[in-house]
Each structure stands twice: as structure tokens, then as C-alpha cells.
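Asks:
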Amino acid sequence: MSTTSLAAPAAPPPTQARRRRTSPPRLSFLRRWVSPIVIVAVWQVLSSTGLLTEDTIASPAQIATAAADLIAEGTLQSAILASLQRVGIGFLIGASIGLVVAVAAGLTRLGEDALDPPMQMLRTLPHFGLIPLFITWFGIGESPKLALIAMGVAFPLYLNTFGGIRNIDQKTTEAATAMGLTWSQRIRHVVIPGALPQTLIGLRQSLGIAWLSLIVAETISADSGLGYMINLAKEFQQTDVIVVGLAVYSLLGLATDSLVRFVERKALTWRA
């Protein structure tokens with residue numbers, strides 16, 4: 021028997037093996053929808069057989085009908101617009117505060133000593149528990165709702181951006197200084213690229229908390245928005261409308277998270 025017949029098969033080239041490992045499987049997107057569709061189908065069967073009563077939760081068919089009726093009336097669109105406006109304004113306020121404080125604390129020791137302790141103290145407070153205080157300070161208008169959302173947004177973005185700045189490799193900073201880069205150039209070419217991955221993670225967390233905060237905020241004497249629609253449906257025991265509102269909350273949160281992930285892929289093209 022020749023030695024060539026006993027030789028192990030040649031390993032594929034590294035690039036070829038890497039391509040096989042990293043290439044996405046076919047129809048992977050469709051496979052991700054299998055389990056949700058199965059859950060909805062089982063839910064509909066349980067509702068149709070009477071195991072799940074309408075008083076407990078409406079069936080998927082009833083929820084779809086309720087959503088169509090709300091869209092036809094224009095109620096759902098106006099509620100979504102009001103909720104988006106609250107989240108947008110509250111997020112901008114909280115994100116601005118979180119980023120400015122993180123940069124000030126991350127770039128200098130003096131800033132860290134002055135700003136990090138109060139931020140850490142405030143971070144440990146349950147911000148939902150501050151609702152009575154916000155109402156006392158701001159009344160029952162839009163201000164306490166925006167303050168609640170802004171407070172929920174600020175801390176995850178602060179922590180991640182601050183950590184991203186402080187985790188920049190010291191050798192990179194020293195190399196930038198040795199090359200004669202000015203302070204503004206070091207910020208542009210070293211600090212921002214180095215902290216950006218962590219900042220985007222904080223951005224995703226902040227958006228998630230923004231939507232959670234909105235759900236609570238819209239229970240504070242709101243007269244518009246998805247939370248108001250859900251509270252109104254609760255008074256009349258309309259479980260189909262309640263589920264429609266919760267589903268829209270979920271879809272909006274998923275959409276904003278997908279938007280940040282898209283920005284992340286475009287901004288961090290250098291990352292594997």
C-alpha cells in the first residue's frame with residue numbers, strides 16, 4: 021500500500037475555511053421567524069378552543085382586528101406620534117447630559133473626581149421611585165415624563181462612554197503625542213474611535229431603558245400616547261387594545277435598536 025493513500029486529506033486554505041465559518045447559513049432570516057409563528061399559532065388554537073378566555077387575553081385574530089380598527093380611526097398613529105415625540109426629546113436631553121459628563125470625567129482626573137462620585141450616587145437610585153418627586157417639582161405636564169426618560173437614558177450612556185475613554189490603550193495615546201498631534205487631533209483620531217464601540221453599546225442600552233421609562237411615564241396623567249391608550253383600554257377591559265399597545269412598544273424598541281446596530285456596522289467597519 022502506498023504512503024500516498026494513507027496521507028490525511030489536505031486541509032482547506034485558511035481563507036476558504038474562514039469563509040465557510042463566517043458565511044451566514046441560507047434562509048437563516050426565515051428560520052428566526054419559525055418560533056414566533058409557532059407561538060402565535062398555538063396562542064390562536066388555545067383561544068379558539070376556549071382554554072384562553074377573552075377576559076384573560078384576546079386571541080391573535082382579535083388583536084389584529086383591533087389594530088386594524090385603531091389604524092382606521094387614526095388613534096394608533098396619533099398615539100405612536102405622541103410617544104415618539106416624548107422618547108425623542110427625553111433621549112436627546114439624557115444623551116446630551118450623559119455624553120458631556122462622560123467626556124469631562126473621562127479625559128481629566130479633575131473631571132473624574134468632581135463628576136463621577138455624584139453620577140455613581142444618582143445611578144443607584146431607582147429612577148421610577150422618583151416619580152412623586154418629579155411631579156412635585158415639575159407638575160403633571162410633560163416635564164416629569166421627559167425627566168424620567170432623560171434620567172433613564174443618561175446613566176448607561178455615561179458609564180459606557182466613560183469606560184470606553186478610560187480603556188483606550190495608553191500606548192496609542194503616547195504614540196499620538198509622540199507624533200505631535202494636538203489635543204483636538206488626539207480627541208478626533210484616538211479618543212472618539214477608541215471609545216465609540218463602548219458608546220454604541222451604551223446607546224443601545226439607553227434606548228431600551230428610554231422605552232421602558234416611557235411606559236411608566238405615560239401613566240403620569242397623560243392624555244396622549246400609547247400608555248394613555250393602554251390605560252384607557254384597561255378601564256374598559258379591552259385586552260386586545262392593551263396587547264396592541266404593548267406590541268407597538270416592543271416593535272418601536274426593536275426598530276430603534278436595529279437602527280443603532282446598523283450605525284454600528286457602518287461606523288465600525290474595521291471590527292471583525
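For the sequence shown, our numbering assigns the number 21 to the initial residue and increments by one for each residue that follows. Just so it is clear, CB atoms sit at the ideal spot from N, CA and C, and this is done for glycine as well.
Reducing DSSP to helix, strand and coil, say where aspartate 89 ends up.
Replies: If DSSP states are grouped into helix, strand and coil, aspartate 89 belongs with the helices.
Asks: In chain order, what residues of the same chain have a beta carbon less than 7 Å from the beta carbon of tyrosine 269, not counting five sequence neighbours either side?
Replies: Counting only Cβ-Cβ distances below 7 Å, and skipping sequence neighbours, we find Trp231, Ile235 and Leu246.
Asks: What did DSSP end up calling threonine 24 once you bin it into helix, strand or coil?
Replies: Unreliable placement is indicated for threonine 24, whose pLDDT of 45 sits below 50; the coordinate value is still reported in the next sentence. Helix, per DSSP.
Asks: Indicate the three-state DSSP secondary structure (helix, strand or coil) for proline 138 in the structure shown.
Replies: If DSSP states are grouped into helix, strand and coil, proline 138 belongs with the helices.
Asks: By DSSP, does glutamine 225 sit in helix, in strand, or in coil?
Replies: Here glutamine 225 sits in helix by DSSP.
Asks: Excluding sequence positions up to five away, which residues of its chain have a Cβ less than 7 Å from the Cβ of aspartate 189?
Replies: The answer is none, since no qualifying residue turns up.
Asks: For the candidate residues Ile151, Leu153, Ala122 and Leu150, whose alpha-carbon lies nearest to that of proline 138?
Replies: For the residues Ile151, Leu153, Ala122 and Leu150, the minimum Cα distance to proline 138 belongs to Ala122.
Asks: Mind checking which residues open and close the alpha helix (DSSP H) that includes glycine 108?
Replies: Per DSSP, glycine 108 belongs to the alpha helix (DSSP H) from 95-127.
Asks: When you compare only the Cα positions, how much space is there between leucine 223 and glutamate 284?
Replies: Looking at the two C-alpha atoms, the distance is approximately 10 Å.
Asks: Quick check: what's the CA-CA separation for isoleucine 221 versus arginine 208?
Replies: Approximately 20 Å between the Cα atoms of the pair.
Asks: Go ahead and pull the three-state DSSP assignment for serine 163.
Replies: Of the three classes helix, strand and coil, the one that applies to serine 163 here is helix, per DSSP.
Asks: Closer than 8 Å by C-beta to leucine 201: which residues in its own chain qualify, once you throw out the five before and the five after it? Chain order, please.
Replies: For leucine 201, where only same-chain residues beyond five positions count, the Cβ hits under 8 Å are His209 and Val210.
Asks: Between the alpha carbons of glycine 114 and proline 56, how many angstroms are there, rounded?
Replies: The straight-line gap from Cα to Cα measures roughly 34 Å.
Asks: To the nearest whole angstrom, what separates the beta carbons of alanine 78 and aspartate 260, a pair I think is in contact under 8 Å?
Replies: About 4 Å separates the two Cβ atoms, so the contact holds.
Asks: Measure the beta-carbon distance from leucine 142 to alanine 124 and round it to whole angstroms, keeping in mind my assumption that it falls under 8 Å.
Replies: Incorrect: roughly 16 Å between the Cβ atoms, too far for contact.
Asks: If you draw a straight line from the C-alpha of alanine 87 to the C-alpha of leucine 96, how long is it?
Replies: Each residue's alpha carbon lies about 8 Å from the other.
Asks: So, with DSSP's three-state summary, where would you put glycine 183?
Replies: Correct three-state label for glycine 183: helix.
Asks: Kindly give me the distance between the Cβ atoms of glycine 118 and leucine 166, rounded to whole angstroms, as I take these residues to be in contact under 8 Å.
Replies: Rounded, the Cβ-Cβ distance is 15 Å, inconsistent with contact.
Asks: Can you give the Cα-Cα distance for phenylalanine 175 and valine 107, rounded to whole angstroms?
Replies: Roughly 16 Å between the two C-alpha positions.
Asks: Compute every distance between the C-beta of glycine 228 and the non-hydrogen atoms of the ligand GDP, then say whether any falls below 7 Å.
Replies: Looking for the ligand GDP in the displayed structure turns up nothing, as the structure carries no ligands at all.
Asks: My understanding is that valine 264 touches leucine 90, with C-beta atoms under 8 Å, so please give their C-beta distance in whole angstroms.
Replies: Yes, valine 264 and leucine 90 are in contact; Cβ-Cβ is about 6 Å, under 8 Å.
Asks: Using the Cα positions of isoleucine 212 and lysine 191, report the straight-line distance between them to the nearest angstrom.
Replies: When rounded, the distance between both Cα atoms is 16 Å.
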